[in-house]
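To keep things clear, I will list the structure first and then write my remarks on it.
Numbering (the numbering used here), first residue to last: 4 to 234.
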């Protein structure tokens with residue numbers, strides 16, 4: 004696997020300087036800071052961000068044919084099939100403006116990656132490699148005030164009084180999804196789902212991993228890689 008090491012900052016793989024529009028993919032486990040890194044890539048390098056989750060919610064909200072099809076599975080508690088997600092993302096890729104594209108959340112399975120390969124070539128895949136112990140520790144320290152949605156972190160933004168909201172004094176709760184056992188289960192599911200995709204792109208020499216324990220460590224490496232390769 005091509006890794007950008009914390010110590011050296013050297014890149015295992017690179018691309019030639021950009022001469023055409025690029026299609027890239029960002030991957031990272033829940034809690035890895037993928038959303039923040041994606042936003043910085045879009046803002047600093049003018050990528051067009053295509054998030055499967057955002058698009059799916061938009062299509063469901065506007066009741067398009069794809070949205071209605073996806074909703075029929077979701078309301079039954081079923082996963083949206085690969086074919087529906089692939090159709091959605093390929094349609095949006097065809098409509099994308101003339102700028103570099105950052106895919107997010109797609110492909111999510113090996114079948115989706117293989118279907119994508121038949122029509123569009125991915126130039127590089129950025130994988131955010133954050134230790135799972137770090138993610139579990141970080142997320143499990145998140146507490147919320149349910150009425151307002153105010154969020155606290157026991158390390159970075161602790162409440163003035165432990166277990167109480169700063170404004171109302173009401174009790175804070177920890178969401179079920181934020182409890183250590185829930186976070187661990189999600190991360191295990193992510194690994195099982197995405198390992199075949201990472202291996203697929205690694206075999207095609209398109210995978211670049213950026214290692215670190217927090218976004219402010221990982222982002223400079225991503226920024227350097229993109230500056231070096233696309234200007």
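Just so you know, even glycine gets a beta-carbon here, dropped at the ideal spot from N, CA and C. On a predicted model such as this, the values are computed, not experimentally measured, just so you know.
Would the beta-carbon of residue 132 fall within 8 angstroms of that of residue 214?
In the chain shown, residue 132 corresponds to position 129, counting from 1. In the chain shown, residue 214 corresponds to position 211, counting from 1. Result yes, Cβ atoms of residue 132 and residue 214 sit closer than 8 angstroms.
Tell me residue 27's beta-bridge partners as DSSP assigns them.
Position 24 of the chain shown, counted from the first residue, corresponds to residue 27. According to DSSP, residue 27 bridges with 105 and 127.
For residue 228, count the other beta carbons within 10 Å of its own beta carbon; 16 or more makes it buried, fewer makes it exposed. Which is it?
Within the chain shown, numbered from 1, the residue matching residue 228 stands at position 225. By the neighbour-count rule (16 or more Cβ atoms within 10 Å), residue 228 is buried.
Identify every run of the beta strand (DSSP E) within the region 43-105, keeping only runs that are complete inside it and at least 3 residues long; order them along the chain.
As far as the region 43-105 is concerned, its whole beta strand (DSSP E) runs of at least 3 residues are 51-54.
Whose C-alpha, out of 198, 171, 155 and 145, is nearest the C-alpha of residue 183?
Within the chain shown, numbered from 1, the residue matching residue 183 stands at position 180. Minimum Cα distance to residue 183 is reached at 145.
At the level of alpha carbons, what is the spacing between residue 62 and residue 68?
By one-based count along the chain shown, residue 62 stands at place 59. By one-based count along the chain shown, residue 68 stands at place 65. Rounded to whole angstroms, residue 62 to residue 68 spans 8 angstroms at the Cα level.
Take every Cβ of the region 146-153, pair it with every Cβ of the region 173-187, and state whether three or more of those distances are shorter than 8 angstroms.
Contact between the region 146-153 and the region 173-187 is present, because at least three Cβ pairs lie under 8 angstroms.
Is there contact here, the region 37-56 with the region 99-113, by at least three beta-carbon pairs under 8 angstroms?
Yes: at least three Cβ pairs fall under 8 angstroms.
Between which two residues does the alpha helix (DSSP H) containing residue 186 stretch?
For the purposes of this step, residue 186 is taken as the residue at position 183 of the chain shown. Unbroken alpha helix (DSSP H) run through residue 186: 183-206.
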